[in-house]
Structures are given as C-alpha cells and as structure tokens.
Amino acid sequence: EAGVAQSPRYKIIEKRQSVAFWCNPISGHATLYWYQQILGQGPKLLIQFQNNGVVDDSQLPKDRFSAERLKGVDSTLKIQPAKLEDSAVYLCASSLHQVAYGYTFGSGTRLTVV
Amino acid sequence: EDKVVQSPLSLVVHEGDTVTLNCSYEVTNFRSLLWYKQEKKAPTFLFMLTSSGIEKKSGRLSSILDKKELFSILNITATQTGDSAIYLCAVAGRNQFYFGTGTSLTVIP
Numbered sequence: 025e026a027g028v029a030q031s032p033r034y035k036i037i038e039k040r041q042s043v044a045f046w047c048n049p050i051s052g053h054a055t056l057y058w059y060q061q062i063l064g065q066g067p068k069l070l071i072q073f074q075n076n077g078v079v080d081d082s083q084l085p086k087d088r089f090s091a092e093r094l095k096g097v098d099s100t101l102k103i104q105p106a107k108l109e110d111s112a113v114y115l116c117a118s119s120l121h122q123v124a125y126g127y128t129f130g131s132g133t134r135l136t137v138v
Numbered sequence: 015e016d017k018v019v020q021s022p023l024s025l026v027v028h029e030g031d032t033v034t035l036n037c038s039y040e041v042t043n044f045r046s047l048l049w050y051k052q053e054k055k056a057p058t059f060l061f062m063l064t065s066s067g068i069e070k071k072s073g074r075l076s077s078i079l080d081k082k083e084l085f086s087i088l089n090i091t092a093t094q095t096g097d098s099a100i101y102l103c104a105v106a107g108r109n110q111f112y113f114g115t116g117t118s119l120t121v122i123p
C-alpha cells in the first residue's frame, strides 16, 4: 500500500515569511497527526484530526500555526509568520482508527528558518 | 502529567556488542507501547507491545513490556553499524501518543 506522502521534503525560508506543508495520508485512514520534531528531541504532537474534525490541538501555537483537513483526507499545516525556533522536521502520520494499533509516518518536511 | 522517559540519551558501542534501551512511562489510559527506529528519514515501526511479559522478536531485536513497573526494554544483539540510529519509544494514551526524547545509538566498526 502507498505510504503517507508529504511535501515538500525541504524548505528554507526567512523569518517572518509564511510556509505551508502538505500531507496525504494512507487511503482510508481516518486519523491524521502532525508532529514537530526539533533536532535532538522526540516528536511533539501539534494537532490530531479524526476525519475532518480536530481531536487535539492543545500544543499547536495558534497565534502562528494553523492546520486544516478539508474533506477528511489531505491536510495542510501552515506557519505564518515563521520564527527561527520553528526550524524542525514536521512529520505527518495517519492511522486507521484513533490511537490504533500502530500507525505510519510520512517522510517529513525539514524546515529551516533563517 | 503524562510522560515517557528514555535512557540512556546516547550510547556508543562496538560492532557485535549487545545493547539494552530503556523506556519508562506514566501515561493514563495506557493502550500500547511502540518502538521506532529513526535514521535520516521518518521513524520506522519496530514493535508494538500491549501485554506484559510477552517478548516480541524480529531478528536481532527484541522487546518486552512490564505494565506493573511501567517500562519497556529494547534489546539489540550482535549490533551492526546499520543499527546506528535514534530509537524512539511512544506510548498510546486515550487520545494520543506520547514520545520520549529517543536514544541515539552509534555502532562503531
């Protein structure tokens, strides 16, 4: 089966610019997660969708980060405006059910803010 | 507060050595514990553990869960340079996964 697709793979932007990441989960997976992984740290959950509804966005910096999952399939994560500390790998993962047995990560987008 | 703690943070061994990585957790409504290997890309799935005392094995890797003492170990025997990676432990609670910071393993030829 096809995996979780993410794009772009890499992005370099200047601080205060905007950036958007895209994720296409595995077909049929109802639950989609966005994680931020800063170098040397484990992934931190930013937002979790169940179909097109938000389950948990408690750790999403809502003043600058936004995410949507229209139609309950693809999702986009946006940062506007970016800060230096947003430099990280942004991972998307999907699972068949909420907190299902095992889930699949995409290859991630490495963001560098200069 | 739910948390997952991994130890050691980093480890350097020689090829052929055996290593044990630790993961302890405090997560309400525990559902499962997962181990991932992360190289330069996204984490790849190794094991999922839900029951205490049942060892899971895949080649030179094995893992076991102790739900009474709230920890899991990941063993790698006869290590190879290809085992060099960050090993992540994640625990599924009621609504989300909680990750540890990972253990960085370096295997020297």
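Those protein sequence lines, which keep their order, are chains B and G.
Its first residue numbered 25, the first sequence is counted upward by one per residue in the working numbering.
Its first residue numbered 15, the second sequence is counted upward by one per residue in the working numbering.
Heads up, the beta-carbon is just placed ideally off N, CA and C, and yes, glycines get one too.
Span of the beta strand (DSSP E), counted from its first residue to its last, around residue i
| i | result |
| --- | --- |
| L35/G | V33 to E40 |
| K71/G | K70 to S72 |
| S82/B | Looking at the DSSP string, S82/B is not in any beta strand (DSSP E), and its letter there is neither H nor E. |
| A112/B | A112 to S119 |
| Q72/B | K68 to Q74 |
| T100/B | S99 to I103 |
| T46/G | Inspection of the sequence shows that residue 46/G is occupied by Ser rather than by Thr. Per DSSP, S46/G belongs to the beta strand (DSSP E) from S46 to Q52. |
| V43/B | V43 to N48 |
| N89/G | F85 to I90 |
| Q30/B | A29 to S31 |
| Y127/B | Note, Y127/B: premise wrong, no beta strand (DSSP E); not H, not E. |
| L63/G | T58 to L63 |
| K35/B | Y34 to I37 |
Where residue i meets chain G, residues with beta-carbon distance less than 9 Å
| i | result |
| --- | --- |
| S131/B | K55 and A56 |
Exposure of residue i, with buried meaning 16 or more beta-carbon neighbours within 10 Å
| i | result |
| --- | --- |
| R93/B | buried |
| Y34/B | exposed |
| S24/G | exposed |
| S82/B | exposed |
| K17/G | exposed |
| G52/B | exposed |
| K39/B | exposed |
| I62/B | exposed |
| V43/B | buried |
| P123/G | exposed |
Residue i in three-state terms, based on DSSP
| i | result |
| --- | --- |
| L94/B | helix |
| D80/G | strand |
| L63/B | coil |
| T142/G | Missing from the structure shown is residue 142/G; chain G here goes from 15 to 123 and no further. |
| T55/B | strand |
| T136/B | strand |
| G77/B | strand |
| T95/G | helix |
| L23/G | coil |
Distance between beta carbons of residue j and residue i, contact taken as under 8 Å
| i | j | result |
| --- | --- | --- |
| L135/B | A112/B | 6 Å |
| A92/G | G30/G | 6 Å |
| T117/G | I100/G | 7 Å |
| I78/G | S72/G | That belief does not hold up - the Cβ atoms of I78/G and S72/G are roughly 13 Å apart, past 8 Å. |
| N75/B | A106/B | Not confirmed; about 29 Å, so no contact. |
| L102/G | Y39/G | Between Y39/G and L102/G the Cβ distance is about 13 Å, and since that is not below 8 Å, they are no contact. |
| G130/B | L115/B | 6 Å |
| S66/G | K54/G | Between K54/G and S66/G the Cβ distance is about 34 Å, and since that is not below 8 Å, they are no contact. |
| G66/B | T115/G | 5 Å |
Where residue i meets chain B, residues with beta-carbon distance less than 9 Å
| i | result |
| --- | --- |
| N36/G | Here the premise fails: no neighbours, minimum Cβ distance about 14 Å. |
| L102/G | G66 and P67 |
Partners in chain G for residue i, counting only beta-carbon separations shorter than 8 Å
| i | result |
| --- | --- |
| D80/B | N109 and Q110 |
| Q72/B | N109 and Q110 |
Where residue i meets chain B, residues with beta-carbon distance less than 8 Å
| i | result |
| --- | --- |
| T115/G | G64, Q65 and G66 |
Chain-ordered chain G contacts of residue i [CB-CB under 7 Å]
| i | result |
| --- | --- |
| Q60/B | Going along chain G, no residue has its Cβ under 7 Å from Q60/B, so there is no contact; the nearest lies around 11 Å. |
| L115/B | A56 |
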